[in-house]
Structure formats: C-alpha cells, structure tokens
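Undergrad: If you read the sequences in order, they're chains A, B and C. In terms of the UniProt record's numbering, the first sequence opens at residue 1 and continues consecutively. In terms of the UniProt record's numbering, the second sequence opens at residue 1 and continues consecutively. In terms of the UniProt record's numbering, the third sequence opens at residue 1 and continues consecutively. Glycine is no exception: its CB is placed at the ideal position from the N, C-alpha and C atoms. If you're wondering where the values come from, they're calculated on a predicted model, not measured in any experiment. The structure under discussion is supplied below as structure tokens; questions concerning it will follow.
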Amino acid sequence: MTTKSMTMKLCTYMGAIAGTMMFVGIWPVAHMFPPLDPYMPAAEVAAYYRSHQIGILAGAILIASSSVLFFPFLAAIATFMKKIEGPIAPLTWAFVMVVAFGFVTLFFAGLIFTAAAYRLDRPDAVVSTLSDIAFLLFVMPAVPAFVQNLLTGFVILGDRRAQPILPRWLGYMNLWTGVLLLPGLAIGLFKTGPFAWNGALAFWLPAVVFGIWFNLMIVAMLGAIKRDALGGE
Amino acid sequence: MAMIWRSRITWVWAMLIAATFLSFETMALGNAFLLRSVILVIAFTKVLLVGREFMELRHAPRWLLWGFQSWAILTCLVLIALFRT
Amino acid sequence: MAASQAVASSPRGHVPGEEGVWVFIGGDLIVFAVFFVTYALARQQELALFESAQALLDRRLGLLNTLLLLTSSLFVAQAVAAVRRGDDRARRLLLGAILLGSGFVIVKAFEYSAKIAQGFTLNSNSFSIYYYMFTGIHLVHVLIGLGVLCFTLSRFDRAGRRQGGVALIEGSGAFWHLVDLLWIILFALLYLL
Chain A
1 MTTKSMTMKL CTYMGAIAGT MMFVGIWPVA HMFPPLDPYM PAAEVAAYYR
51 SHQIGILAGA ILIASSSVLF FPFLAAIATF MKKIEGPIAP LTWAFVMVVA
101 FGFVTLFFAG LIFTAAAYRL DRPDAVVSTL SDIAFLLFVM PAVPAFVQNL
151 LTGFVILGDR RAQPILPRWL GYMNLWTGVL LLPGLAIGLF KTGPFAWNGA
201 LAFWLPAVVF GIWFNLMIVA MLGAIKRDAL GGE
Chain B
1 MAMIWRSRIT WVWAMLIAAT FLSFETMALG NAFLLRSVIL VIAFTKVLLV
51 GREFMELRHA PRWLLWGFQS WAILTCLVLI ALFRT
Chain C
1 MAASQAVASS PRGHVPGEEG VWVFIGGDLI VFAVFFVTYA LARQQELALF
51 ESAQALLDRR LGLLNTLLLL TSSLFVAQAV AAVRRGDDRA RRLLLGAILL
101 GSGFVIVKAF EYSAKIAQGF TLNSNSFSIY YYMFTGIHLV HVLIGLGVLC
151 FTLSRFDRAG RRQGGVALIE GSGAFWHLVD LLWIILFALL YLL
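Here it is, written out as structure tokens:
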C-alpha cells in the first residue's frame, strides 16, 4: 500500500469519526435529537436549556469539532472528483466551495448552542431566539448539501472510463440524496406538521437519507481506494 | 408517422386514458369506502401498466419486475386500509 | 409489423437504462410511499377539513395534467422504440414529449397562481401544506425530468440519429415514466379521494 492511499483511507475514515461525533453530540449528550418542537413557548425552551446546561455545552463542543473533521472526508471526495474530471475541473472547484460554506454552519450551530446555554440568567426570549438560530443552522443547509450532491452525482456519471473511478450507482445515489434533502429548504415556512424542522418529511426523512448516503459513500470510497482507482494513467 | 402509432404501447396509452376518465367519473358518484377503494385500485393499476409497459419492466429481470410490482401492490393495500374512513 | 415490433421491444432479462438508474428510481418510490402514508394518516386526523379543502381544488386542471403526462410518456416510449429501430423520427417524438411536459409546468403555474389569488396559500390549513409541498416536490421532479430529456435530445446528431447504445434514452425515459407514475398517485390522493 502506498503512502497516498493510506492518507486517502485516513481521510475517508475521518468522515465516519466526524459523523459519529456529531450524532453523539446532538443526541445523547445535548439531548437535542430530535429537535425541540418549534411551537414550544420561550419559557419552556429556556427551562430546557437551564436543566440540560452541561449536556448542551458538552454536546456543542462535539458538534463544533465534528464540523472541522468533516473536511478531510470532503477533501477525499474532491480528490476522486478531480481525478475523474482531469485537469479542467470546474465541478470539483464548485464542490470545494459549496462544502466550505455548507459544513461551516455546523460549527456555528455548535457556537450558538453554547451561547444559548452559557449563562443561566439570560431572559427567556433571548435563549429561545438563540435556540431557533441554532436549529435553523442545523437543518436549513439542506440547500448547499443539495448542490454538493448534485455536483458529485454529475461528476461520477460523467466518467467515461471503461472501469469508472467510482461506481455509477453511487452517482445516482448522490442525485437521489440531493433531491430528498431539498424539503429542508422550506422549514422556515412551518412551525408544525411534516415539513417543520422536527417534522417527518423535513427532518426524519433527510436524516435517514443522509445517514444512508454517508455510509454508502464511505464504503464505495474505501472500495475504490482498495483497488487503487486513483493510481495509474 | 402513422405506422408508429399502431403498436402495443399506444393501446396501453389508450387504456391509461380510459382509466383516468373512469376514476374521474367514479369520484363524481360520491364518497363511500367502496368508491375510494375503486379509485385507488384504478390508480395503482395505471401505475403497474406504466411500469410494466412504458418502463419495459415486463422484460426486466425478475428481481426488478417483482421489486416494482410488490411496491405497487403493498402501497395500494396500505392506502386502502388508511382510507377506510 | 410483427418483425418490427420484435426489434422495437426490449430483449428479455434486460435492465432498462443501466442498473444505477434503478437505485434512484427505487429510492424515490420508497420515499414517495412514505409521503403517501404520511398524507393518509394526517387526513384521518382531520377528515372534515381535508374533504372541504380538497373540494376547493380545480379537479379538471388535475385531470388535464394527468392527460398531458400520460401522453408525454407515450411519446417517450415511442421514441425509445424508434431509437431501437434506427428510426430517425425519435428526435421529433422526444421533442413532442418535452413540449407536453412543459405544458404540465404551465398548467401547474396557472393552478398555483389561481389558488393563491383565492387566498388558498401554503399555510392556509394542513391540507394546503401537503398540497403545495407534494405537488412542489413533484414539480421539481418534472423540471429535472425535462432537463434530462433535453440532454438526451442534445445527444442526437444532425441527421437525427443516435450513436452508441440506447441506454441513455432508456434511462432518461424510465425517469420520465417515474414522474408520470408518481403524478398518477398524487392525482388520485389529492384531487379524487
């Protein structure tokens, strides 16, 4: 095994670590999974933050750190995309720029969860406003994710090699994921029902789809690294 | 151009159009459980026709054809059950 | 006639398009099944509201759109058969399918604006949320499908022939039929039931 494929493997695994950190941070540590009901009155939201203060602060550290650790994983995807596209690689560049701001929202979500839980004597309205911002940062970036998946899908399907660098089904999988993340765009319009930020179709469905996408991406990328798809030519 | 249209898929299309009008008229008859079930069965029969004929799944490998058909039948049954009231 | 049909239909055991397309189509079918069931459950919760709100929809526009998509699907299916025969009319058939599909988008835009003018908007009631979001997500599929069909059309050479295999037109055709098939169910659920 060459040094380069070792690095690629580490970057890919970093995605699994980041995903796990984010999930552990938001769910068992901060108790914010599923998200608080958008209809919850400000006083109840504030009370929730006060009673879960330490958990939220610790979870926020995990969430903010995971945001950074996603980047080696995304860089590994970009490396595959660059290999497929060759020297003229506009879609890879677009991908790199979109993920750079798409995943940074996760870092801000962590910071704002921290701000909301930092002082116990803040007025209720301030805590609930900060909480709203944190959840919007968490769920609404479905839009950059949509573009990111579309770009990945187009590049994989545009591969003209007899033995494609990444399997073609993964390209279709990316397009499908992109389309299904889109309802997240509309969460600002609803406080209740399936398209609110804790709803079945704007939260649970994209969460499951994202989980499937994430795991299949890692499996397919490790497979491609194993057969040394990046070497040669 | 005429010859193109004398084919199996054109007949399928004619059946789909007829089924569409049939379900439209069924709706006008009222709103009983039986009528709702008829509308759902017509809709999913159309779905099966589109899949088997237009998507050409009737010639596809068994896993693909039956994957699709079981999706349609299962979804139809669940919806009929949920539209009981 | 019999001979040309044998050529025009797909061979036995053949996966239309390529296997990867079915990852997308299968995934979409499962997700839309979740949509349909969510809708049916919500309807049970507020039966009277759903029935009175549904009565406000213009069912004839829904019917018109169903006819447009079904006919558009027929054109695509005929185009696939024409490509297999090496018939140079495939291009015109595909163009016809795109025009019919664009007709769907125009009718939908007209329907939305008429509804909004009547004060029936996104957050009017729980039925309207489903109506706008489901038809909206479906409309995104229609637009993607139109893009895919246009791309397929652009792959024909000047003489109207396609080089290489039929996989591209089969795959984009399968996606277009998926769009049609999902609308058939949405039409029944939102407009008829």
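Taking C:Gly13 as the reference, which of B:Val38, B:Ala60, B:Trp66 has the closest Cα?
TA: Position 13 of the third sequence holds residue 13 of chain C. Closest by alpha carbon: B:Ala60.
Undergrad: Hey, out of A:Ala43, A:Ala196, A:Ile165, whose CA is closest to A:Arg122's CA?
TA: Here the question's residue 122 of chain A lines up with position 122 in the first sequence. Minimum Cα distance to A:Arg122 is reached at A:Ala43.
Undergrad: Can you tell me where the alpha helix (DSSP H) holding C:Thr71 begins and where it ends?
TA: Your numbering for residue 71 of chain C matches position 71 in the third sequence. Segment 59-85, the alpha helix (DSSP H) holding C:Thr71.
Undergrad: Taking just the CA atoms, how far does B:Val50 sit from B:Thr85?
TA: As a working mapping, residue 85 of chain B is identified with position 85 in the second sequence. As a working mapping, residue 50 of chain B is identified with position 50 in the second sequence. Cα-Cα distance, rounded: 29 Å.
Undergrad: Could you have a look at A:Tyr39 and say whether DSSP puts it in helix, strand or coil?
TA: Taking the first residue of the first sequence as position 1, residue 39 of chain A is located at position 39. It is coil, neither helix nor strand.
Undergrad: Could you compute how far the alpha carbon of C:Ala3 sits from the alpha carbon of B:Ser7?
TA: Locating residue 3 of chain C in the third sequence gives position 3, counting from the first residue. Locating residue 7 of chain B in the second sequence gives position 7, counting from the first residue. Because the pLDDT at C:Ala3 is just 40, under 50, the model does not fix this residue reliably, and the point stays unresolved.
Undergrad: Distance check for C:Thr38 and A:Ala202, CA to CA, integer angstroms please.
TA: Position 202 of the first sequence holds residue 202 of chain A. Position 38 of the third sequence holds residue 38 of chain C. Approximately 12 Å between the Cα atoms of the pair.
Undergrad: Going by the beta-carbon positions, is the gap between A:Val29 and A:Leu36 smaller than 8 Å?
TA: Mapped onto the first sequence, residue 29 of chain A falls at position 29. Mapped onto the first sequence, residue 36 of chain A falls at position 36. No.
Undergrad: For the candidate residues A:Pro87, A:Ile84, A:Phe70, A:Val139, whose alpha-carbon lies nearest to that of A:Pro38?
TA: Start at 1 with the first residue of the first sequence, and residue 38 of chain A comes out as number 38. Checked all of A:Pro87, A:Ile84, A:Phe70, A:Val139; the closest Cα to A:Pro38 is A:Val139.
Undergrad: Classify B:Glu56: buried if its beta carbon has 16 or more other beta carbons within 10 angstroms, exposed otherwise.
TA: In the second sequence, the residue the question calls residue 56 of chain B occupies position 56. Flag for B:Glu56 reads buried.
Undergrad: Assuming C:Ala188 and B:Ala43 are in contact, meaning their beta carbons sit under 8 Å apart, how far apart are those beta carbons, in whole angstroms?
TA: Counting from 1 along the third sequence, the entry for residue 188 of chain C is found at position 188. Counting from 1 along the second sequence, the entry for residue 43 of chain B is found at position 43. Indeed, because the Cβ distance is near 4 Å, the residues count as touching under 8 Å.
Undergrad: With 16 other CB atoms within 10 Å as the buried threshold, where does C:Trp176 fall?
TA: Position 176 of the third sequence, counted from the first residue, corresponds to residue 176 of chain C. C:Trp176 comes out buried.
Undergrad: Report the neighbours of B:Ser70 on chain C: residues whose CB is nearer than 8 Å to its CB, in chain order.
TA: Here the question's residue 70 of chain B lines up with position 70 in the second sequence. The contacting residues do not exist; B:Ser70 stays about 11 Å from chain C at best.
Undergrad: Would you mind listing the alpha helix (DSSP H) stretches within the region 6-57 of chain A that are 4+ residues and don't spill past its ends, in chain order?
TA: 42-51
Undergrad: Starting from C:Gln45, follow the alpha helix (DSSP H) in both directions and report where the run begins and ends.
TA: Within the third sequence, the letter at position 45 stands for residue 45 of chain C. Looking at the DSSP string, the run of the alpha helix (DSSP H) that includes C:Gln45 is 19-45.
Undergrad: Of all Cβ atoms in chain B, is any one closer than 8 Å to the Cβ of C:Ser154?
TA: If you number the third sequence from 1, residue 154 of chain C lands on position 154. Between C:Ser154 and chain B, the shortest Cβ-Cβ separation is not below 8 Å.
Undergrad: Between the region 18-32 of chain C and chain B, which residues of the former have a C-beta closer than 8 Å to a C-beta of the latter?
TA: Taking a C-beta cut-off of 8 Å against chain B, the contacting residues of the region 18-32 of chain C are Trp22, Gly26, Leu29, Ile30, listed in chain order.
Undergrad: Please report how far the alpha carbon of A:Ser65 lies from the alpha carbon of C:Ala167, in whole angstroms.
TA: Counting from one through the first sequence, the residue named residue 65 of chain A turns up at place 65. Counting from one through the third sequence, the residue named residue 167 of chain C turns up at place 167. Near 45 Å, if we compare the C-alpha coordinates of C:Ala167 and A:Ser65.
Undergrad: Does the distance from the C-beta atom of B:Phe54 to that of C:Ser73 stay below 8 Å?
TA: Taking the first residue of the second sequence as 1, we reach residue 54 of chain B at position 54. Taking the first residue of the third sequence as 1, we reach residue 73 of chain C at position 73. Their beta carbons are under 8 Å apart, which means B:Phe54 touches C:Ser73 by this criterion.
Undergrad: So that I know if they touch, is there some Cβ in chain C lying closer than 8 Å to that of A:Val179?
TA: The count along the first sequence starts at 1 and reaches residue 179 of chain A at position 179. It does; some Cβ of chain C falls within 8 Å.
Undergrad: Hey, would you say A:Gly25 sits closer than 8 Å to A:Gly59, going by beta carbons?
TA: Residue numbering aside, residue 25 of chain A sits at position 25 when the first sequence is read from its first letter. Residue numbering aside, residue 59 of chain A sits at position 59 when the first sequence is read from its first letter. Yes.
Undergrad: Tell me the rounded alpha-carbon separation between A:Met6 and A:Ala196.
TA: As a first step, residue 6 of chain A must be located in the first sequence, where it is residue number 6. As a first step, residue 196 of chain A must be located in the first sequence, where it is residue number 196. Using only the alpha carbons, I get a separation of about 42 Å.
Undergrad: Is the CB-CB distance between A:Ser67 and A:Val104 below 8 Å?
TA: In the first sequence, counting from the first residue as 1, residue 67 of chain A sits at position 67. In the first sequence, counting from the first residue as 1, residue 104 of chain A sits at position 104. The Cβ-Cβ distance between A:Ser67 and A:Val104 falls below 8 Å.
Undergrad: What residues in the region 115-126 of chain C have a beta carbon less than 9 Å from any beta carbon of chain A?
TA: Leu122, Asn123, Ser126
Undergrad: Tell me which same chain residues have a C-beta within less than 8 Å of the C-beta of B:Leu65, skipping the five on either side of it?
TA: In the second sequence, the residue the question calls residue 65 of chain B occupies position 65. Excluding sequence neighbours, B:Leu65 sits near Arg52, Leu57, Arg58.
Undergrad: Give the residues of chain A in contact with C:Thr38, contact being defined as C-beta atoms less than 7 Å apart.
TA: If you number the third sequence from 1, residue 38 of chain C lands on position 38. Chain A residues near C:Thr38: Pro194, Ala200, Leu201.
Undergrad: Are there 16 or more other CB atoms within 10 angstroms of the CB of C:Arg155, so buried, or fewer, so exposed?
TA: Mapped onto the third sequence, residue 155 of chain C falls at position 155. Exposed, by the Cβ-count rule.
Undergrad: Within the same chain, show all residues whose beta-carbon is closer than 7 Å to that of A:Leu120, passing over the 5 residues directly before and after it, in chain order.
TA: What you label residue 120 of chain A is simply residue 120 of the first sequence in a count that begins at 1. Correct list, in chain order: Arg50, Gln53.
Undergrad: Can you give me the C-alpha to C-alpha distance between A:Ala47 and A:Thr114, rounded to a whole angstrom?
TA: Within the first sequence, residue 47 of chain A is the residue found at index 47, counting from 1. Within the first sequence, residue 114 of chain A is the residue found at index 114, counting from 1. Cα-Cα distance, rounded: 15 Å.
Undergrad: Have a look at C:Leu47, C:Leu63, C:Ala114, C:Val76 and flag the residue whose alpha-carbon is nearest the alpha-carbon of C:Leu99.
TA: The count along the third sequence starts at 1 and reaches residue 99 of chain C at position 99. Restricting attention to C:Leu47, C:Leu63, C:Ala114, C:Val76, the CA atom closest to the CA of C:Leu99 is found in C:Val76.
Undergrad: So, helix, strand or coil for C:Phe120, using DSSP?
TA: Translated into positions along the third sequence, residue 120 of chain C becomes position 120. If DSSP states are grouped into helix, strand and coil, C:Phe120 belongs with coil.
Undergrad: With burial defined as no fewer than 16 other Cβ atoms inside 10 Å of the residue's Cβ, what is the status of B:Phe21: buried or exposed?
TA: In the second sequence, the residue the question calls residue 21 of chain B occupies position 21. Burial call: exposed.
Undergrad: Which runs of the alpha helix (DSSP H) spanning at least 4 residues fall entirely within the region 153-219 of chain A, listed in chain order?
TA: 168-181
Undergrad: For C:Lys115, count neighbouring Cβ atoms within 10 angstroms of its own Cβ and tell me buried if that reaches 16, exposed if not.
TA: Counting from 1 along the third sequence, the entry for residue 115 of chain C is found at position 115. Label assigned to C:Lys115: buried.
Undergrad: Which whole-angstrom value describes the C-beta separation of C:Ala33 and B:Thr75, a residue pair presumed to lie in contact below a C-beta threshold of 8 Å?
TA: Here the question's residue 33 of chain C lines up with position 33 in the third sequence. Here the question's residue 75 of chain B lines up with position 75 in the second sequence. About 5 Å separates the CB atoms of C:Ala33 and B:Thr75; that is less than 8 Å, so the two are in contact.
Undergrad: Let me check understanding here. Comparing Cα to Cα, which of C:Ser102, C:Arg92, C:Arg89 lies closest to C:Leu146?
TA: Within the third sequence, numbered from 1, the residue matching residue 146 of chain C stands at position 146. When each option's Cα is compared against that of C:Leu146, the closest is C:Ser102.
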